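Working notes, beginning with the structure itself.
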Amino acid sequence: MFNFDIEKKTETSKFETIDLFDLVIIGAGPAGLNAALYAARKGMVTGIIGTVGGQLHNTTTVDNFLGIPLIEGKHLSDRFFDHIDTLDVPVLSDHKVTAIRKEGHRFLITTDDQKTRYAKTVLLATGGSPRMLDIPGEKTYQNKGVSYCTTCDAPFFQRQRRHRRRRRQQCRRSRD
Ligand SMILES: Cc1cc2nc3c(=O)[nH]c(=O)nc-3n(C[C@H](O)[C@H](O)[C@H](O)COP(=O)(O)OP(=O)(O)OC[C@H]3O[C@@H](n4cnc5c(N)ncnc54)[C@H](O)[C@@H]3O)c2cc1C
Numbered sequence: 007m008f009n010f011d012i013e014k015k016t017e018t019s020k021f022e023t024i025d026l027f028d029l030v031i032i033g034a035g036p037a038g039l040n041a042a043l044y045a046a047r048k049g050m051v052t053g054i055i056g057t058v059g060g061q062l063h064n065t066t067t068v069d070n071f072l073g074i075p076l077i078e079g080k081h082l083s084d085r086f087f088d089h090i091d092t093l094d095v096p097v098l099s100d101h102k103v104t105a106i107r108k109e110g111h112r113f114l115i116t117t118d119d120q121k122t123r124y125a126k127t128v129l130l131a132t133g134g135s136p137r138m139l140d141i142p143g144e145k146t147y148q149n150k151g152v153s154y155c156t157t158c159d160a161p162f163f164q165r166q167r168r169h170r171r172r173r174r175q176q177c178r179r180s181r182d
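Going by my numbering, the sequence shown opens with residue 7, and the numbers climb by one from there.
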């Protein structure tokens, strides 16, 4: 199964000092981090709850991010995080949100440590997780042939096919 429990980047103490956030973003994948970038730049008191990187952390190679021809998923998410870090946005990365409730003009956000945080606005960027096939070999070959995103990964195999064709041609030529 995918493991999002990676190296923790947390600013719990800073998070605790803010009584009422303008915005709390739930989910620290690319969408959540990007939302934080825009909110913080607009001067909103912003916080993020979630494990930094999201699905990107389980991605080996990314080659469809404009401006960066090829990068490891983890390195890309590190770069996203470093960017957010420059804006001083606290990230509560070791907790999950278990409940959100509206009370008057604010949202009460409960995390799995039973603490409540307060925000004027909540943004859900909780992403998704791939549906497992549950067949033999699936886990062994994850990211080594078993893919969950055709638009992301199909081009890698296309290259492989081209490479195999070229190798076959080379072999044939060397035989002749
Ligand atoms: C193996 C693999 C390879 C991929 N390769 C590519 C690629 O090459 N190119 C590409 O463009 N895309 C690729 N993708 C897809 C890409 O990773 C996703 O589209 C992208 O990560 C979605 O970003 P997101 O922020 O919307 O959600 P996610 O990345 O899913 O992040 C959501 C986050 O929210 C957190 N969360 C959920 N519920 C809660 C809660 N209750 N409390 C706190 N946090 C919560 C999750 O733990 C997660 O960290 C790949 C995906 C996978 C799995």
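C-beta: ideal position from N, C-alpha, C; glycine also.
Every value quoted in this text rests on a predicted model; they were computed, and no experiment measured them.
Expected contact under 8 Å - CB spacing of residue i and residue j to nearest Å
i: I184; j: V95; result: With the chain covering 7 to 182 only, the question about residue 184 has no answer from this structure.
i: I24; j: V68; result: Incorrect: roughly 33 Å between the Cβ atoms, too far for contact.
i: T86; j: L26; result: Reading off the sequence shown, one finds Phe at residue 86, where the question assumed Thr. In fact, because the Cβ distance is near 26 Å, the residues do not count as touching under 8 Å.
i: V97; j: F113; result: Their Cβ separation, rounded to whole angstroms, is 18 Å, which puts V97 and F113 out of contact at 8 Å.
i: I32; j: A41; result: Going by Cβ atoms, the distance from I32 to A41 rounds to 10 Å, so no, they are not a contact pair.
Neighbourhood of residue i by C-beta distance below 7 Å, restricted to the same chain and skipping five residues each side
i: A37; result: A131, G133
i: T65; result: G79
i: D118; result: H101, K102, T104
i: P75; result: D69
Residue i burial status per 10 Å Cβ neighbour count (16 or more: buried)
i: R174; result: exposed
i: S83; result: buried
i: F123; result: One point to set straight first is that residue 123 is Arg, not Phe, in the sequence displayed. Per the 10 Å Cβ criterion, buried.
i: A105; result: exposed
i: G143; result: exposed
i: T146; result: exposed
i: S135; result: exposed
i: K14; result: Interpretation of K14 is limited by its pLDDT of 43, a score under 50 that renders its predicted location unreliable; the figure taken from the coordinates is listed afterwards. By the 10 Å Cβ count, K14 comes out exposed.
i: M7; result: Low confidence applies to M7: its pLDDT is 43, below 50, so where it sits in the model is not reliable, and the reading given next is rough at best. Answer is exposed; the Cβ neighbour count stays below 16.
Continuous beta strand (DSSP E) stretch holding residue i: start and end
i: Y124; result: 122-130
i: G53; result: 52-55
i: E109; result: 103-109
i: I32; result: 27-32
Unbroken alpha helix (DSSP H) run spanning residue i, endpoints
i: F86; result: 79-91
i: D47; result: Rather than Asp, the amino acid found at residue 47 in this sequence is Arg. Run containing R47: 36-47, per the alpha helix (DSSP H) assignment.
Cβ-based neighbour list, residue i, same chain, cut-off 6 Å, excluding 5 preceding and 5 following
i: L72; result: none
i: N149; result: T66
i: Y154; result: P136
Contact set for residue i: own chain, Cβ-Cβ below 8 Å, skip 5 residues either direction
i: K20; result: P96
i: A125; result: L26, F27, D28, L29, V30, G53, R112, F113, I115
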